[in-house]
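Participant:
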Amino acid sequence: MSETLQAHDTVLRVAVDAPQHSGLIDPLDYLSPGPLPPGSLVRVPFGRRETLGIVWPGNSASEIDPASLRPIQSTLDALPPLSRTWCRLIEFAASYYQRSIGEVALSVLPPQLRDLDSQQLKLRLKRAAKLPVGASIGSPGEEVSVTDAAGPTLNPAQAQVLAELDALLQADVPQTAPAPVLLYGVTGSGKTEVYLRAAAHALSQGRQVLVLVPEINLTPQLEARFAERFAGRRMVSLHSGLTPAQRLRHWLSAHLGEAELVLGTRLAVFASLPRLGLIVVDEEHDPSYKQQDGARYSARDLAVYRAHQEKIPVILGSATPSLESWQRANEGRYKRLVLPGRIGGGALPRVRLFDMKMLPLTKGVTTALTAPLIQALRARLERGEQSLIFLNRRGYAPVLHCGECNWKSDCPHCSAWRVFHKGDRTLRCHHCGFTERVPFACPTCGNQDIAPLGRGTERLEEQLAETFPGARVARIDADSTKHKGQLEAALQAVHDGEVDILVGTQMITKGHDFRRITLVAAVNPDGALFSSDFRAPERLFALLMQAGGRAGRDAEQAARSEMWVQTWHPEHALYKALVQHDFESFAKSQLAERASAGLPPFAHLALLRAEGRTVEVAKGFLDAAAAFAQQLPPASQVLIYPCIPMSVARVANVERMQMLVEAASRGALQHLLSMWMPELHALKRTHKGLLRWAVDVDPLAI
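Structure follows, in structure tokens:
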């Protein structure tokens, strides 16, 4: 650490991790013996402790007497300053999502930076600079051998898309930012190959490439593709699965410009990349890109903003684009490029709907599988092919039930059921974690004949094993892969042909390139059809399209690949579009509904959520907030709905309420929120028993 500063003659703005509700000016003013470059890391006194801060661009607006300001304690001068463009990205995110600059800026830096002095940081910088060329992203230090760096021959559609992308990737810096590219390609159409070729173009210009994926379990697969293609290039990953030391080393490598490729989940959108030349957002529709606590940012939307700010291309890829992105392409704000067919000319799997009202079940109401589906599974087993059964509910059964008194295994702390897990004989709440052993008899009436109601992946796995005694059945969900390495091992077993029938939740439907699967079955997907959340049909359609896309990825097997959907509502328009693989028709109908209802992307929303010890406290806070908002000048352009309980109203004995705010323009909504926030902080102090509140801009679930 540099020597403690003595003389103080310059006032600097410093961003520190102070929550916005603290009421402090953001950033804060400190004294320094001289100017420091914006983006420099410093240690400053904050309250009774010393904390990490970032020297922020701009002049102090404070009229406080400099003599009353506290001095900067030290500087981490071994680290090159963060760029002004990075600071502008943070400022935008903080402003748009209604958080403090310091809170956002410090939360996206590696936590270990807070504990290092300059000498320790110099050692870390040397290690980051020594990451071996071709290192495996997840395991720094391991060499990767490559045999084919050229890539496969492109089909005409891929070649056409890349020709248009090349025009956006020219070496000369454009005067204006290129339009974001929406790469719309059916599952198996070769979107990843387009990403690889576009990345190669950017790398050839000496630029860095940022690739975002929605979830950690997709990172190793994409990592392998990039590592295979780009031998001799330094690559790192950034996601929550890394150790603190790994995350720091990878971040430093990117910040120094040593890492040429950065792959990561939503947090990676904030990576410091001094030579950034291309951003790729794979599966751009995925809700995992939206942060659900703290600064509730959308990494996809920030990627678009960052690309615009740095005047570089951004590619948003999906077989089922978000309706927001699709509409922007319709309006000409995004450039839509299309990959209409699968590589090798293989057909998409045939979709078959089975009406559960008409078909008898093999074992009455206790089984999830119809007789025709069992026959289809048996045919795959006889041919040595793999099948995938998708059920988006983990555990053995969602609830235990007593037929005598109608008792159900509710959670005493939440307004939800406890799920029956047969493997360890527990009832477990998936909201608060409260777990108990399964009772021997009904707690209410003593009846010993309590039974599972409904089914989850654990029960489905058991039924498949009973139905097909010789089959190798595997299950992938949050319970079966909670320990390190379990997910990777399970996926590898599928790829190696060691699994005949794979059962799982949505974890198995996204992005995986399973070459031997010829049958995908969706069991009981109807729940989202009649949800109060207007986005539920969009999410269900995307999920089913993605699930079906796991079948027939090998061109030789494509002709006999199928997706079966067991539904009680086969006449529903969503399923009719699914049968035709017609995303465009589905998107058109959904957008028409949203336009008539004044919903996104034709309106802009924010949610104000409140949590308290009682319903009255949470509701009182929201009612007071609404009354104040109605007095603000932008209120005439904004609609504030009455507060209602959240979908799960009580979690861990905390009552949860929410209030929806709607505006026709983003500007009107942002204006209201900026004027509203100070009063919300003040209201928190006057409502005893209110535990927390938060504003969610552009919420994904309402």
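With full-length UniProt numbering, letter number 672 in the sequence shown gets 672, and the count goes up by one each step, no holes. Note that beta-carbon positions come from the ideal geometry of N, C-alpha and C, so glycine has one too.
(1) Can you tell me where the alpha helix (DSSP H) holding HIS255 begins and where it ends?
(2) Just to confirm, is the Cβ distance from VAL615 to HIS431 under 8 Å?
(3) Please return the same chain residues whose Cβ sits closer than 7 Å to the Cβ of GLN506, not counting the five positions on each side in sequence.
(4) Counting pairs of beta carbons, one from the stretch 383 to 401 and one from the stretch 503 to 520, are three or more of them closer than 8 Å?
(5) My output table needs one value for LYS335: the three-state DSSP class, helix, strand or coil.
(6) Can you tell which of ASN524, HIS483, VAL617, LEU373 has its C-alpha closest to the C-alpha of ALA464?
(7) Which of helix, strand or coil does DSSP assign to ILE72?
(8) Just to confirm my understanding: we take LEU700, look at its own chain, exclude 5 residues before and 5 after, and list those with CB closer than 8 Å. What are they?
(9) Cα separation between ALA129 and LEU31?
(10) Quick one: residues in its chain with C-beta nearer than 6 Å to the C-beta of LYS335, no 5 flanking neighbours on either side, listed in chain order?
(11) Helix, strand or coil, according to DSSP, for PHE534 in the structure here?
(12) Assign ILE64 to one of two classes, buried (16 or more other C-beta atoms within 10 Å of its C-beta) or exposed (fewer than that).
(13) Per DSSP, which one or two residues make a beta bridge with HIS421?
(14) Do you know how far the Cα of PRO633 is from the Cα of LEU660?
(15) What does DSSP give as the partner residues of TYR30 in its beta bridges?
(16) Would you kindly work out how many angstroms separate the C-alpha atoms of ILE101 and ARG425, rounded to a whole number?
(17) Could you have a look at HIS495 and say whether DSSP puts it in helix, strand or coil?
(18) Taking PRO452 as part of the beta strand (DSSP E), name the residues at either end of that continuous run.
(19) Looking only at its own chain, which residues have a Cβ that is under 8 Å from the Cβ of LYS684, when we skip the five neighbours before and after it?
(20) Do GLY317 and ASP282 have their C-beta atoms within less than 8 Å of each other?
(21) Over the uninterrupted beta strand (DSSP E) stretch that includes SER596, give me the two end residues.
(22) Using 8 Å as the cut-off, can you tell me whether the stretch 294 to 304 makes contact with the stretch 158 to 166, which would need three or more C-beta pairs spanning the two stretches below that distance?
(23) Please determine, among ASN447, VAL236, CYS643, GLU310, the residue with the shortest C-alpha to C-alpha distance to CYS402.
(24) Which residues mark the beginning and the end of the beta strand (DSSP E) in which ASP282 is found?
(25) With GLU382 as the anchor, note down where its alpha helix (DSSP H) starts and where it stops.
(26) By Cβ distance, which residues of its chain are closer than 7 Å to VAL365, with the 5 residues on each side in sequence left out?
(27) Got a sec, what are the start and stop residues for the alpha helix (DSSP H) THR457 sits in?
(28) Can you tell me where the alpha helix (DSSP H) with VAL161 in it begins and where it stops?
(29) Let's see if you can read the secondary structure: which residues bound the beta strand (DSSP E) around TRP564?
(30) Pull up the distance between the alpha-carbon of LEU222 and that of HIS495, whole angstroms please.
(31) What is the DSSP secondary structure of CYS87, counted as helix, strand or coil?
(32) Return the chain-ordered list of same chain residues with a C-beta closer than 8 Å to the C-beta of LEU238, the five sequence neighbours on each side being excluded.
(33) Tell me which residues share the same chain as GLY454 and place their Cβ nearer than 8 Å to its Cβ, disregarding the 5 neighbours each side in the sequence.
(34) How many whole angstroms separate the CB atoms of THR192 and ARG225, which I take to be in contact at a CB cut-off of 8 Å?
(35) Contact check, LEU639 vs GLU611 under 8 Å by CB: the rounded distance?
(36) Would you say ALA78 and LEU109 are within 8 Å of each other, going by their C-beta atoms?
Facilitator: Concretely, from the data shown:
(1) 244 to 255
(2) no
(3) ASN392, LEU543
(4) As far as the Cβ criterion goes, the stretch 383 to 401 touches the stretch 503 to 520, which means the pair count is three or higher.
(5) strand
(6) Here residue 464 is Leu; the residue named in the question, Ala, does not match the sequence. The option with the nearest alpha carbon to LEU464 is LEU373.
(7) coil
(8) Sequence-distant Cβ neighbours of LEU700 in its own chain, meaning closer than 8 Å and more than five residues away, are PRO287, LYS290, ARG535.
(9) 33 Å
(10) ALA179, VAL181
(11) Correct three-state label for PHE534: coil.
(12) ILE64 is exposed by the Cβ-count criterion.
(13) Its beta-bridge partners are THR426.
(14) Using only the alpha carbons, I get a separation of about 18 Å.
(15) LEU12
(16) 47 Å
(17) helix
(18) 450 to 453
(19) HIS21, PHE621, LEU690, TRP693
(20) yes
(21) Here SER596 belongs to no beta strand (DSSP E); instead the alpha helix (DSSP H) covers 583 to 597.
(22) no
(23) ASN447
(24) 276 to 282
(25) In the DSSP assignment, GLU382 falls within the alpha helix (DSSP H) that extends over 371 to 383.
(26) Its pLDDT being 43, under 50, VAL365 is placed unreliably in this model, and the value from its coordinates should be taken loosely. So no residue of the chain qualifies.
(27) 457 to 467
(28) 156 to 168
(29) 562 to 567 is the span of the beta strand (DSSP E), which, as asked, contains TRP564.
(30) 15 Å
(31) helix
(32) ARG247, HIS250, TRP251, ALA254, VAL262, LEU263, GLY264, THR265, LEU267, ALA268, ALA271
(33) These residues qualify, in order along the chain: ARG393, ALA397, PRO398, VAL399.
(34) 6 Å
(35) Actually they are not in contact, since the Cβ atoms of LEU639 and GLU611 sit about 24 Å apart, beyond 8 Å.
(36) Taking 8 Å as the Cβ cut-off, ALA78 and LEU109 do not qualify as a contacting pair.
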